[in-house]
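Residues 5 to 495 in my numbering are what the sequence shown lists, from first letter to last.
Where a beta carbon is used, it is the ideal one built from N, C-alpha and C, also for glycine.
These numbers were taken from a predicted model, which means no experiment stands behind them.
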Amino acid sequence: MTDVTAMTATQIAGLVATGAASAVEVTQAHLDRIAAVDGRVNAFLHVDTEGALAAARDVDARRAAGEELGPLAGVPVAVKDVLTTKGVPTTVGSKILEGWRPPYDSTIVQRLRAAGTVMLGKTNMDEFAMGSSTEYSAYGPSRNPWDTDRIPGGSGGGSAAALAAYEAPLAIGSDTGGSIRQPGAVTGTVGAKPTYGGTSRYGLVAFSSSLDTPGPCARTVLDAALLHAAIGGHDPRDSTSIPAPVPDVVAAAKLGATGDLSGVRLGIVTEFGGEGAEPGVTAAFNEAVDTLTKLGAEIVEISCPHFRYALPAYYLIAPSECSSNLARFDGVRFGLRTGDDGNRSLEEVMSLTREAGFGPEVKRRIMLGTYALSSGYYDAYYGQAQKVRTLITRDFTAAFERVDALISPTTPFVAFPLGARTSDPYQMYLADLFTIPSNLYGGPGISVPCGLSEGLPVGLQVMAPTLADDRMYRVAAALESAVGTLTPPTM
Ligand code: GLN
């Protein structure tokens, strides 16, 4: 059998379905790969060897019993450590949750299990999903398989690095401002942020509840679509879940793979065209635009004048929501408790726990958010940011009257060296310049590899109207059919 770790999820599922490989063999091959390379990548915070092999044995038993298996049965998946997993450590990249084993599975993880996928373990991330490089993880950064001295993006850098290092064919991320798409772009993999409410937040440790969106990561567009279909759809346990089925993203990916985009109108966001992006990124993007034209797409320029205010608005809204959401981590109910020597007051213990348990970026966000929400500043900061959010939504709505989808580079720059942006938060925040507008609006976005700049991957982002996730898969799959997938250097 050729090396299964080099295969797509679709290929692996085919092997398992026909019996050419057992789920246990497939799982063991990935566990072996993790053992061989993760010392250099640090994609995983926890590898659930026993749980994975048990899940694989279950798939093999069901197949032997003649049960009908789903399209991803037996396929290994890596899960960002922001999602609760019953009995399996869930840290959110933070010391404050070290040692916590949740008593329940998040909806996404339940659906992964129901689909017969095999969870390999939990992936590294910036603490509480705040960051763009995984350097804010309390457990050390993940590294980019393209160049292990560079960042794999963030906050879901562990999931993206696991894919690029062939440790897993599928992974789950969460995207609040770009944390699925940006790591996808800088690792040469595919990452999709579904429509807000299209994937359940039940059991997703909350950062910014009006923005947080779990979603699929993979090495191909079709694999991402299959994963999206498996995890998406209405969940009565999430009050903002959309009571509608997932658009047929798998059919859309297959349609796109035919390489025909005739009749599709794509808008290039004027405000993102070149300005703000590195020359190599702009060059790769422009080449991809030519390719999309050759595939039959009609390209127009569209101005979205308020997109330039997206970053500042996001850095008021997201910290405001986080300052409220993170109040629950106080040493009483979960994880770490510091200074509880029997003599200190409850407040002192809470304060010492939060001081010891949270890293500097999380503290910065809590302080920013508390300030923006304080009476006297509320209207000037939080209220103003909400107005900007409305204007950005109007820009999208107007744009989608003229085009089917918008395109841009996913990120302004390729993977940067570890340490290059940690001393200046603003430089780190810029990584999400092009991805944040979709979060504020709620519509879906996908990053698909579109070429290289100085030997490092560049991603193209497709943004679609809310509930039209299928459209972005069609465009992304068409581009992939022309550009091909990117293969990192052997490690
Ligand atoms: N990098 C952005 C931030 O730090 C986005 C993070 C995310 O999408 N979780 O907030």
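Assigned exposure category for residue i - 16 Cβ within 10 Å defines buried
| i | result |
| --- | --- |
| S204 | buried |
| G335 | buried |
| N46 | buried |
| D345 | exposed |
| A69 | exposed |
| K298 | exposed |
| E325 | buried |
| Y386 | buried |
| P249 | exposed |
| S427 | exposed |
| A33 | buried |
| K391 | exposed |
| P107 | exposed |
| E275 | buried |
Residue i CB to nearest heavy atom of the ligand GLN below 8 Å
| i | result |
| --- | --- |
| N443 | yes |
| S178 | yes |
| F420 | no |
| A165 | no |
| F211 | yes |
| G373 | no |
| M134 | yes |
| A322 | yes |
| G449 | no |
| D436 | yes |
| Q186 | yes |
| Y318 | yes |
| M432 | yes |
| D428 | no |
| S110 | no |
| S159 | yes |
| G182 | yes |
| D130 | yes |
Length of the line joining the Cα atoms of residue i and residue j
| i | j | result |
| --- | --- | --- |
| R269 | A468 | 11 Å |
| C454 | P187 | 14 Å |
| L49 | G300 | 44 Å |
| A360 | S328 | 19 Å |
| A40 | L456 | 27 Å |
| R117 | M123 | 8 Å |
| A424 | E139 | 10 Å |
| M371 | A281 | 30 Å |
| P492 | I176 | 20 Å |
| Y200 | Y318 | 15 Å |
| G161 | G182 | 11 Å |
| M5 | V81 | Model confidence at M5 stands at a pLDDT of 46, short of 50, so the residue's coordinates are unreliable and nothing is read from them. |
Segments assigned beta strand (DSSP E), at least 3 residues, entirely inside the region 88 to 135 = 122 to 127
Ordered list of alpha helix (DSSP H) runs contained in the region 22 to 51, each at least 4 residues = 27 to 45
If we count Cβ pairs, one from each stretch, closer than 8 Å, do we get three or more for the region 260 to 269 versus the region 481 to 489?
-> yes
Uninterrupted alpha helix (DSSP H) stretches inside the region 262 to 330 (no shorter than 4 residues) = 283 to 298 and 314 to 329
The region 407 to 420 / the region 458 to 466 touching (three or more Cβ pairs under 8 Å) = Because the criterion of three Cβ pairs below 8 Å is met, the region 407 to 420 and the region 458 to 466 touch.
How about the region 152 to 162 and the region 417 to 424: do they share at least three Cβ pairs that are nearer than 8 Å?
-> Taking 8 Å as the limit for Cβ pairs, the verdict is that the region 417 to 424 does touch the region 152 to 162.
Whole runs of the beta strand (DSSP E) within the region 126 to 185, excluding any shorter than 3 residues = 174 to 179
At least three beta-carbon pairs within less than 8 Å, the region 165 to 173 to the region 362 to 371 = no
At least three beta-carbon pairs within less than 8 Å, the region 131 to 146 to the region 50 to 68 = no
Please confirm if the region 225 to 244 is in contact with the region 91 to 99, defined as three or more CB-CB distances below 8 Å between the two stretches.
-> no
Counting pairs of Cβ atoms below 8 Å between the region 102 to 122 and the region 225 to 240, do you hit three or more?
-> yes
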